[in-house]
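Enquirer: Numbering (this note's numbering), first residue to last: 4 to 336.
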């Protein structure tokens, strides 16, 4: 059932008689509350509420035992009822542009939840019970007031993708290293002041994205990420790369931009599977001779670096690469 783009302010109690209803989509209405009878929709599988001045959900929402998808977008919700924890068949919870500042502890009872998206809200913290979501595989925390993650975060052992973007986190709990099934980790537009050593325990990680962090170095443990294929570090205070970076043998894409490196470690030449390399505005004047050992490299971007101390050997190597940006093969003869 679709109810949209109308001035309706409330739903009739009789809506609870639609016991065969499986989808309810309420969009661009003036509805501020739902009737308690909503809980009688025992076959409802999907509930979408967007662009409504909805202020709260009734406790009876916990009676929707077959609900597997709940989307709340652009509403005036400030909180969720504790009864939401009774939605034991819920697979996906999407909350976007609401005024929610906290989640009830009962959210940890959503035993079937595989995807949780919370974006552009006023959320300041996550409950410890978040660690009970053992079925969770995808978690997005975007544009929130979040300042820390609970230690229980490490209990999310089936999490495969974690995106924490434009939040106020300065540190990560050591328990993050327990996310051994994590394959993608995104900390873009973060305020991280340090990366924990435990990040090296993320043995399944294939993609790591970090931007706008305040840390000036990577922990040596990053060299343990032997399955890492993509590493992007942008607009951070990074001053150096550890020699151990050469142990990332699976790396195919390595992008660093707007950092304060000044130089690269000799071990960078050990990245035998590297295909794309971006070193943009990293204050580089030269590249180590080991650079010439990157036999798989096909594309490199060196924009914004002085590169006035390149050895003849490195210059010759750069001319052999298929695509070079930020360095003129002809001018540097």
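Glycine included, every Cβ here is placed at the ideal spot set by N, Cα and C.
Would you please state the rounded distance, in angstroms, between the beta carbons of residue 249 and residue 274? I believe it to be under 8 Å.
Expert: With 8 Å as the limit, residue 249 and residue 274 qualify as a contact, their Cβ atoms being about 7 Å apart.
Enquirer: Taking all protein chains shown into account, decide if residue 26 is buried (16 or more other Cβ within 10 angstroms of its Cβ) or exposed.
Expert: It counts as exposed.
Enquirer: Can you tell me the Cα-Cα spacing of residue 61 and residue 36, whole angstroms?
Expert: Approximately 8 Å between the Cα atoms of the pair.
Enquirer: Excluding five sequence neighbours on each side, which residues of the same chain lie with their C-beta closer than 6 Å to the C-beta of residue 296?
Expert: For residue 296, where only same-chain residues beyond five positions count, the Cβ hits under 6 Å are 272.
Enquirer: For residue 240 versus residue 217, is the C-beta distance shorter than 8 Å?
Expert: In this structure, residue 217 lies closer than 8 Å to residue 240 by Cβ.
Enquirer: Do residue 121 and residue 98 have their beta-carbon atoms positioned less than 8 Å apart in this structure?
Expert: Yes, the Cβ-Cβ distance between residue 98 and residue 121 is below 8 Å.
Enquirer: Give the range of the beta strand (DSSP E) segment to which residue 85 is assigned.
Expert: Per DSSP, residue 85 belongs to no beta strand (DSSP E) and is neither H nor E.
Enquirer: Whose C-alpha, out of 32, 23, 76, is nearest the C-alpha of residue 67?
Expert: Closest by alpha carbon: 23.
Enquirer: Which first and last residues belong to the alpha helix (DSSP H) in which residue 318 is found?
Expert: Per DSSP, residue 318 belongs to the alpha helix (DSSP H) from 315-323.
Enquirer: Compute the distance between the beta-carbons of residue 205 and residue 175, then report whether it is under 8 Å.
Expert: Cβ distance not < 8 Å, so residue 205 and residue 175 don't count as in contact.
Enquirer: Cβ of residue 173 within 8 Å of Cβ of residue 194?
Expert: Their beta carbons are under 8 Å apart, which means residue 173 touches residue 194 by this criterion.
Enquirer: When the distance is taken between beta carbons, is residue 247 closer than 8 Å to residue 226?
Expert: Their beta carbons are under 8 Å apart, which means residue 226 touches residue 247 by this criterion.
Enquirer: If I measure Cβ to Cβ from residue 9 and keep anything under 7 Å in the same chain, skipping five residues before and after, which residues do I get?
Expert: The residues are 32.
Enquirer: Does residue 141 come out as helix, strand or coil in the three-state DSSP assignment?
Expert: Reduced to three states, the DSSP call for residue 141 is strand.
Enquirer: Use the C-beta contact count for residue 65: other C-beta atoms within 10 angstroms, 16 or more gives buried, fewer gives exposed.
Expert: By the neighbour-count rule (16 or more Cβ atoms within 10 Å), residue 65 is buried.
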